[in-house]
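Note that the protein sequences, when read in sequence, are chains A and B. Counting with numbering that gives the first Met the number 0, you get residues 0 to 378 for the letters of the first sequence. Counting with numbering that gives the first Met the number 0, you get residues 0 to 396 for the letters of the second sequence. Glycine included, each C-beta is placed from N, C-alpha and C at the ideal position. Since the structure comes first, as structure tokens, the remarks are kept for the end.
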Amino acid sequence: MSLILSEEQEFLRDTVREFVQENAPVTALRALRDSQDPDGFSRELWKEMAELGWVGAALPEDLGGAGLGFAELGIVLEECGRTLAASPYLSTAVLGASALELAGTDAQKKELIPEICSGERVWALAFQEGGQFAPFECATVAESAGDGFRLSGEKLFVLDGHVADTLIVTARSAGGSSDREGIRLFLVDPKAAGVEITRTLMVDSRNAARIRFDAVEVDRSAALGQVGTGAATLDAVLDRAAICLSAEMLGSTQEVFERTLQYLKDRQQFGKPIGSFQALKHRAANLFCEVELSKSIVLDALRALDEGRPGLSLIASSCKARCSDTFVLAANEGVQMFGGIGMTDEEEVGLFLKRAKVAAHCFGDGAYHRNRFAALSGY
Amino acid sequence: MSDLDAFRTETREWLEENAPALIRQPIRGDEDTVWGGRNAVYDHPDQKLWLERMGAKGWTCPTWPKEYGGGGLSAEESRVLAEELARLGCRPALFSFGITMLGPVLIEFASEEQKRRFLPPIARGEIRWCQGYSEPGAGSDLAGLQTRAVLDGDEYVVNGQKVWTSYADLSDWIFCLVRTDPDAPKHDGISFLLFDMASSGVEAAPIQLISGSSPFCQTFFQDVRVPKDQLIGKVRGGWTIAKRLLQHERSMISQLGTGGGPRAEGLPELGRRYLGGTEGEPLPDPLIRDRISQFGMDRLCFGATTRRSVDAAKAGRGAGAETSMFKYYGTEMNKRRTELAVEIAGAQGLGWEGEGFSDAEVGLTRGWLRSKGNSIEGGTSEIQLNVIAKRVLGLPD
Ligand SMILES: Cc1cc2nc3c(=O)[nH]c(=O)nc-3n(C[C@H](O)[C@H](O)[C@H](O)COP(=O)(O)OP(=O)(O)OC[C@H]3O[C@@H](n4cnc5c(N)ncnc54)[C@H](O)[C@@H]3O)c2cc1C
């Protein structure tokens with residue numbers, strides 16, 4: 000597949016850009032933050048985006064999706080990234096939908112995926128337990144209990160955990176807390192007895208929660224996927240998530256880079272634009288190269304998903320590592336080049352910096368993915 | 000079967016039959032690299048055979064028109080050819096500045112007569128070219144060059160000095176930037192001249208590099224007489240051609256970013272060999288491992304960027320200044336690779352010659368040193384960043 004956008008894809012990009020700039024500009028995130036909005040995102044906007052077919056962009060038409068692909072979903076996410084738009088995209092359209100698509104029974108897919116595409120239900124995937132991203136470190140247990148299971152444990156940094164209508168929870172039915180084997184995925188009603196959800200306010204003003212499961216009873220049908228497939232499902236879901244979040248980060252990276260460039264042209268010191276100083280020019284030019292490489296790997300990774308290309312995990316890790324590192328670099332350079340004003344809450348560049356660090360951590364940062372890339376490559 | 004599939008089958012069959020066994024093994028180093036030319040040296044008769052066969056098909060320059068000695072292939076066909084060559088592990092038939100640098104600008108700027116005269120011998124590897132750009136006083140500021148060419152009847156008389164002229168002592172002809180009008184603004188007084196290195200008044204003195212080899216020279220011109228029909232394009236129009244040629248040169252050098260070509264052993268393999276540990280398990284040094292991994296990822300990203308630019312060019316959206324990005328990033332990556340390679344090999348990667356080091360190990364040392372030139376030759380990294388800042392980002396002077 001070509002690594003440049005087709006005419007249809009360019010049209011989609013322009014449409015989404017216009018919509019997002021108008022309805023979810025950076026000021027919208029600020030307003031959500033300052034008003035301490037209990038949802039942390041706009042439900043109407045989410046509905047509208049669903050109606051436009053963007054939430055289910057990569058999902059099949061017979062399940063209510065638009066039947067396009069990840070290439071298209073990536074375009075939507077990239078544009079959302081440009082304005083730091085807060086929405087349940089990752090939690091619901093990527094993590095939730097992917098887990099169902101990859102591990103659900105036909106009946107579960109038919110019942111649950113259309114409600115994702117229509118924007119009716121918000122999902123959350125609860126897997127992370129410690130401060131570090133380590134998806135297979137799982138101390139949460141699922142014991143057999145009667146005809147079903149009893150879940151106990153604690154998860155943190157659960158994206159949209161406090162607004163989700165359904166939770167998918169990783170828990171182990173066998174093995175030690177660091178084993179890949181023995182992990183299973185369970186659908187859990189957040190209102191079930193023993194579920195205790197605490198919203199955690201992150202520095203980027205996006206949604207996350209800490210969730211305790213205290214002997215939560217679920218029935219047999221709550222298990223998603225066959226015994227023994229949990230780790231592989233989680234891997235595949237997280238590869239998708241890493242790539243999709245990379246697309247979002249790419250949008251944010253380009254935006255903060257472009258704003259910085261503009262500032263270099265506008266701001267005058269010593270009687271000339273600061274962008275005429277070679278020290279800054281070279282840093283900007285270097286950053287341009289890093290951003291271009293990010294762009295290429297995001298486009299390629301999205302297409303690799305659509306093609307079901309072998310070696311996808313290597314591409315996903317390369318993509319996430321690069322986009323994490325480049326976004327953080329671009330945001331740091333942005334703050335530095337804006338000078339004093341870059342340190343103010345009023346200037347938006349700081350919001351990009353905050354998002355950069357959270358997004359870099361989410362689904363594994365550069366160091367995590369370099370380690371994974373090496374392990375997958377056999378060294 | 001599509002035409003392209005048919006072409007692939009045909010190509011595969013031809014290569015199976017015509018690529019000699021030796022050619023399917025990696026090049027060892029400078030000593031068995033084929034540059035062609037009047038005084039061509041072949042380490043093995045198969046190399047000569049391979050060059051003749053590939054040259055006869057025009058596949059040393061696959062996309063050049065047939066009438067100029069090229070293969071007349073489309074971009075897609077040429078990609079298929081490259082893939083099929085790679086499949087058999089074939090060496091390039093010819094390394095040539097004529098192919099990578101001069102040919103493309105002749106096709107764009109030369110007269111029909113000049114194309115017919117100069118291009119076919121390049122394609123067949125009969126004439127070896129060198130590049131006379133840099134001078135002692137004109138490096139990054141190339142347009143400040145002082146070598147003079149004065150018209151005298153039907154000939155230019157060339158006087159001056161070039162430096163860093165790669166392989167000037169081994170080359171047959173030179174493409175040379177000369178000042179034909181000393182009074183014009185500096186970019187406007189330059190012309191692009193071709194001449195025979197065997198002309199009287201030309202002298203080339205090799206200079207030794209830090210890596211020990213002597214690929215480049217000081218080149219002196221004293222009253223060298225050059226027929227005026229060997230000037231390419233317009234008189235005083237040389238700068239435009241010079242810049243275009245630099246783009247081709249930069250693209251060539253930037254391909255180093257994809258990993259040092261067929262000669263280079265991969266970093267993970269080097270790591271396993273020198274750092275040990277169990278096959279399939281993490282390398283024992285976590286910091287080196289992290290850097291190897293970083294390089295592996297960057298290589299994927301760089302490769303995707305190359306493919307994206309090919310796709311963009313196909314869609315008519317190529318951008319010239321992008322070559323500066325490839326040149327800058329690719330060469331910096333190659334330096335990072337060689338730096339890491341010698342660190343992995345430790346003391347064995349720091350040998351100079353003689354007992355105690357294998358050829359491959361000495362190759363690591365010398366390759367590391369040679370790679371330092373990648374971010375200097377063809378315009379330094381700083382100059383590439385200047386170009387990006389100005390032409391791509393539009394930052395003010
Ligand atoms: C291995 C090798 C092979 C070569 N082969 C050839 C050849 O075949 N033919 C040929 O003509 N030339 C050749 N060259 C020469 C090469 O093109 C020049 O070395 C190069 O253009 C730099 O010029 P210089 O050496 O004079 O360095 P200078 O221009 O003096 O640069 C010195 C330093 O100053 C920096 N600098 C200069 N100007 C600026 C600026 N405006 N902004 C910021 N920094 C700046 C440079 O980046 C560099 O770090 C070769 C060089 C090498 C290393």
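In this structure, glycine 80 of chain A lies away from glutamate 346 of chain A, with their beta-carbon atoms at least 8 Å apart.
Three or more beta-carbon pairs drawn from the segment 327 to 335 of chain B and the segment 295 to 310 of chain B are found closer than 8 Å, and the two stretches are therefore classed as touching. Distances taken from the Cβ of threonine 322 of chain B to the heavy atoms of ligand 1 include none shorter than 7 Å.
Contacts between valine 391 of chain B and chain A, judged by CB atoms closer than 8 Å, involve Ala284 and Phe287 in chain order.
In chain order, the residues that have a beta carbon nearer than 7 Å to some heavy atom of ligand 1 are A:Gln277, B:Cys129, B:Gln130, B:Gly131, B:Tyr132, B:Ser133, B:Gly138, B:Ser139, B:Asp140, B:Leu141, B:Lys161, B:Trp163, B:Thr164, B:Ser165, B:Leu208, B:Pro214, B:Phe215, B:Gly372, B:Ile375, B:Glu376, B:Gly377, B:Gly378, B:Thr379, B:Ser380, B:Glu381, B:Ile382 and B:Asn385. Judged by DSSP secondary structure, lysine 294 of chain A falls outside any beta strand (DSSP E) and instead within the alpha helix (DSSP H) spanning 277 to 306.
For tryptophan 34 of chain B, no alpha helix (DSSP H) run applies, since DSSP gives it neither H nor E.
Rounded to whole angstroms, alanine 65 of chain A and lysine 46 of chain A show a C-alpha spacing of 15 Å. Residues Gln107, Lys108, Leu111 and Ile112 of the same chain have their beta carbon placed closer than 7 Å to that of leucine 99 of chain A, with the five preceding and five following residues left out of the count.
Within the same chain, and ignoring the five residues on either side of isoleucine 210 of chain A in sequence, the residues whose Cβ sits closer than 6 Å to its Cβ are Ala125, Lys154, Val157, Gly160 and Ile196.
Not a single CB atom of chain A sits nearer than 8 Å to the CB of isoleucine 121 of chain B.
With respect to the 8 Å criterion, glycine 131 of chain B and arginine 249 of chain B are not classified as neighbours on the basis of their beta carbons.
The Cβ of glutamine 293 of chain B sits closer than 8 Å to at least one Cβ of chain A.
One alpha carbon belongs to leucine 292 of chain A, the other to alanine 388 of chain B, and they sit about 17 Å apart. Within the segment 59 to 145 of chain B, the beta strand (DSSP E) runs of at least 3 residues that lie entirely inside it are, in chain order, 128 to 131. For serine 1 of chain B and arginine 127 of chain B, the gap between their C-alpha atoms comes out near 38 Å.
Residue-level contact by beta carbon holds for histidine 281 of chain A and chain B, with a gap shorter than 8 Å.
Runs of the beta strand (DSSP E) lying entirely within the segment 65 to 126 of chain A, each at least 3 residues long, are 122 to 125 in chain order. Serine 177 of chain A does not reach chain B, its nearest Cβ partner there being about 16 Å away, counting only Cβ pairs nearer than 8 Å.
Contact annotation: alanine 235 of chain A and leucine 101 of chain A have beta-carbon atoms nearer than 8 Å. The beta carbon of arginine 81 of chain A sits no closer than 8 Å to any beta carbon of chain B.
DSSP places proline 285 of chain B within a helical segment (H, G or I) once states are collapsed to three. Spanning the alpha carbons of leucine 298 of chain A and alanine 241 of chain A requires a straight line of approximately 13 Å.
Only Met324, Tyr327 and Tyr328 from the segment 320 to 331 of chain B bring a Cβ to less than 7 Å from some Cβ of chain A.
Taking glutamine 113 of chain B as reference, the option from B:Gly366, B:Val309 and B:Gly232 with the minimal CA-CA separation is B:Gly232. Nearest neighbour of leucine 350 of chain A by Cα position, chosen from A:Glu50, A:Val334 and A:Thr228, turns out to be A:Val334.
Taking C-alpha positions only, phenylalanine 220 of chain B is separated from leucine 193 of chain B by approximately 13 Å. Counting the other CB atoms within 10 Å of its CB gives lysine 190 of chain A a total below 16, which places it among the exposed residues. According to the DSSP secondary-structure assignment, glutamine 268 of chain A is paired through a beta bridge with A:Lys271. Using a Cβ-Cβ cut-off of 8 Å, cysteine 300 of chain B counts as an interface residue toward chain A, since at least one Cβ of chain A sits closer than that to its own.
At a cut-off of 8 Å between beta-carbon atoms, glutamate 291 of chain A makes contact with chain B. When secondary structure is reduced to three states using DSSP, arginine 27 of chain B falls in the coil class, being assigned neither helix nor strand. Judged by DSSP secondary structure, isoleucine 182 of chain A falls within the beta strand (DSSP E) whose first and last residues are 182 to 187. Contact between the segment 199 to 213 of chain A and the segment 251 to 260 of chain A is absent: fewer than 3 CB-CB pairs across the two stretches fall below 8 Å. Distance between arginine 86 of chain B and cysteine 361 of chain A, taken at the CA atoms: about 40 Å.
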